[in-house]
Ligand SMILES: Nc1nc2c(ncn2[C@@H]2O[C@H](COP(=O)(O)OP(=O)(O)OP(=O)(O)O)[C@@H](O)[C@H]2O)c(=O)[nH]1
Ligand SMILES: [Mg+2]
Ligand SMILES: [Zn+2]
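Chains as they are written, first to last, in the numbering used here: chain A, 179 to 292; chain B, 161 to 384.
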């Protein structure tokens, strides 16, 4: 499953950051998840609970998800619009010469240590 | 209450894998080994296409195959039996994709000094494998006719990371409303540079073109 794999990457990165910052317990991990990243936040937090509790460093640690809205930029008219609503075609000028500005993020924003 | 210390990280979870993958690619370049990552939905025809293609190229390049499967070794056995080519089975342990580290572990079991080309059959899935760079020189994917011509619209990332799209099972075209021209157009929207080759793995149609593409790729990778 996709989300479980991602959880293992998060755990690896958080462990590394904890070590670098001499942190002994992490109480929360804040994620930025793009709206069109293909990651389902509910599944991610379920997998997180299962995997994180196996790590002493992350026992009880909460995964908080910030959703980043997907925005597309249109090279035809320079406008920005909601990707999920309009897709590839610009609602302002009908151009298909468009590209995703944001919304694919799967990133660790910050961790909270106690 | 304890003080909460906030540590800013701001890092993509794919960043480490991307780095690993670049490193692996450089090492393969040094060894003169070309790695192709072949992806598709389950059942699109990866194994059948491989068998037909391997038979066409095995006298011209030294090949090895790595089969990634969640838990079985059916495909590895099939390929080895049909072609006699050394095939390694990688179990992903329930994971839906391979990353660069798992690919490296697989390659550790291949006699790299004796091969020019390694083909990796990735896990059947259009979402996850696209997110994870395996360290391959090129990504190729198979889209089979029954899946529909709109797949590039629904799985944009997969099509944007692939250098080659094989449209397989063209023999069943009459039974489906698959429009090859539309499919080409949708692929181009995602990736203007992608090469598209219609094939029928069952009859072998188009496999010569795929074989030629592969041989040319391997040659240029080893040269420059
Ligand atoms: N009609 C037709 N059937 C095909 C063609 N290529 C493959 N098949 C059939 O499609 C089925 C799946 O083919 P495989 O080669 O096993 O597909 P795969 O992508 O390796 O499947 P997984 O490894 O399970 O994801 C088999 O029954 C093949 O015989 C084709 O060109 N035409
Ligand atoms: Mg297969
Ligand atoms: Zn526009």
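For glycine and all other residues, C-beta sits at the position ideal for the given N, C-alpha and C.
Closer than 9 Å to chain A by CB, residue i
i                      : result
residue 349 of chain B : yes
residue 174 of chain B : yes
residue 301 of chain B : no
residue 359 of chain B : no
residue 168 of chain B : yes
residue 177 of chain B : yes
residue 365 of chain B : no
residue 343 of chain B : no
residue 287 of chain B : yes
residue 281 of chain B : no
residue 199 of chain B : no
residue 257 of chain B : yes
residue 266 of chain B : no
residue 310 of chain B : no
residue 238 of chain B : no
Within 9 Å, strictly: CB atoms of residue i and residue j
i                      : j                      : result
residue 280 of chain B : residue 198 of chain B : yes
residue 277 of chain B : residue 196 of chain B : yes
residue 338 of chain B : residue 369 of chain B : no
residue 194 of chain A : residue 170 of chain B : no
residue 384 of chain B : residue 293 of chain B : no
residue 184 of chain B : residue 253 of chain B : no
residue 211 of chain B : residue 224 of chain B : no
residue 367 of chain B : residue 359 of chain B : yes
residue 212 of chain A : residue 248 of chain A : yes
residue 166 of chain B : residue 289 of chain A : yes
residue 289 of chain B : residue 297 of chain B : no
residue 222 of chain B : residue 274 of chain B : yes
residue 214 of chain B : residue 243 of chain B : yes
residue 224 of chain A : residue 176 of chain B : no
residue 163 of chain B : residue 292 of chain A : yes
residue 187 of chain A : residue 173 of chain B : yes
Member of the options whose CA lies at the smallest distance from the CA of residue i
i                      : options                       : result
residue 274 of chain A : B:350, B:356, B:384 and B:183 : B:350
residue 285 of chain B : B:266, B:256 and B:264        : B:256
residue 230 of chain A : A:250, A:185 and A:268        : A:185
residue 232 of chain B : B:219, B:354 and B:248        : B:248
residue 332 of chain B : B:166, B:305, B:261 and B:323 : B:305
residue 325 of chain B : B:338, B:299, B:362 and B:310 : B:299
residue 251 of chain A : A:239, A:225 and A:281        : A:281
residue 382 of chain B : B:186, B:166, B:175 and B:176 : B:186
residue 307 of chain B : B:180, B:221, B:200 and B:166 : B:200
residue 183 of chain A : A:222, A:233, A:200 and A:268 : A:222
residue 279 of chain A : A:246, A:237, A:206 and A:187 : A:246
residue 203 of chain A : A:187, A:235 and A:215        : A:235
residue 354 of chain B : B:378, B:319, B:239 and B:194 : B:319
residue 277 of chain A : A:271, A:197 and A:265        : A:265
residue 342 of chain B : B:330, B:194 and B:312        : B:312
residue 244 of chain A : A:196, A:238, A:270 and A:219 : A:219
residue 373 of chain B : B:323, B:335, B:364 and B:352 : B:323
Any C-beta of chain B under 9 Å from that of residue i
i                      : result
residue 246 of chain A : no
residue 253 of chain A : no
residue 195 of chain A : yes
residue 264 of chain A : no
residue 285 of chain A : yes
residue 187 of chain A : yes
residue 257 of chain A : no
residue 224 of chain A : no
residue 190 of chain A : yes
residue 273 of chain A : no
residue 241 of chain A : no
residue 229 of chain A : no
residue 236 of chain A : no
residue 288 of chain A : yes
residue 250 of chain A : no
Whole-angstrom C-beta distance between residue j and residue i, which should lie under 8 Å
i                      : j                      : result
residue 260 of chain A : residue 217 of chain A : No, residue 260 of chain A and residue 217 of chain A are not in contact; Cβ-Cβ is about 19 Å, not under 8 Å.
residue 284 of chain A : residue 242 of chain A : So it is not a contact: roughly 14 Å between Cβ atoms.
residue 269 of chain B : residue 302 of chain B : About 25 Å; that fails the 8 Å criterion.
residue 317 of chain B : residue 291 of chain B : 7 Å
residue 361 of chain B : residue 203 of chain B : At roughly 12 Å, the Cβ-Cβ gap does not stay under 8 Å, so residue 361 of chain B and residue 203 of chain B are not in contact.
residue 206 of chain A : residue 240 of chain A : 5 Å
residue 261 of chain B : residue 180 of chain B : 6 Å
residue 216 of chain B : residue 371 of chain B : 4 Å
residue 227 of chain B : residue 235 of chain B : 5 Å
residue 378 of chain B : residue 194 of chain B : 5 Å
residue 238 of chain B : residue 207 of chain B : 6 Å
Per-residue contacts from residue i into chain E (C-beta, under 9 Å)
i                      : result
residue 262 of chain B : The chain inventory of the structure shown lacks chain E, comprising the protein chains A and B.
Contact test: residue i Cβ vs ligand 5 heavy atom, cutoff 8 Å
i                      : result
residue 353 of chain B : No copy of ligand 5 occurs in the structure displayed; its ligands are ligand 1, ligand 2 and ligand 3 alone.
Legend entry - Pocket of ligand 2 (residues with CB nearer than 6 Å to any heavy atom), chain order: Every residue whose beta carbon comes nearer than 6 Å to a heavy atom of ligand 2 appears here in chain order: B:206, B:207, B:235 and B:281.
Inset, instruction - Quick one: residues with CB closer than 6 Å to any heavy atom of ligand 3, in chain order, please. - result: A:252, A:254, A:255, A:257, A:268, A:270, A:271 and A:273
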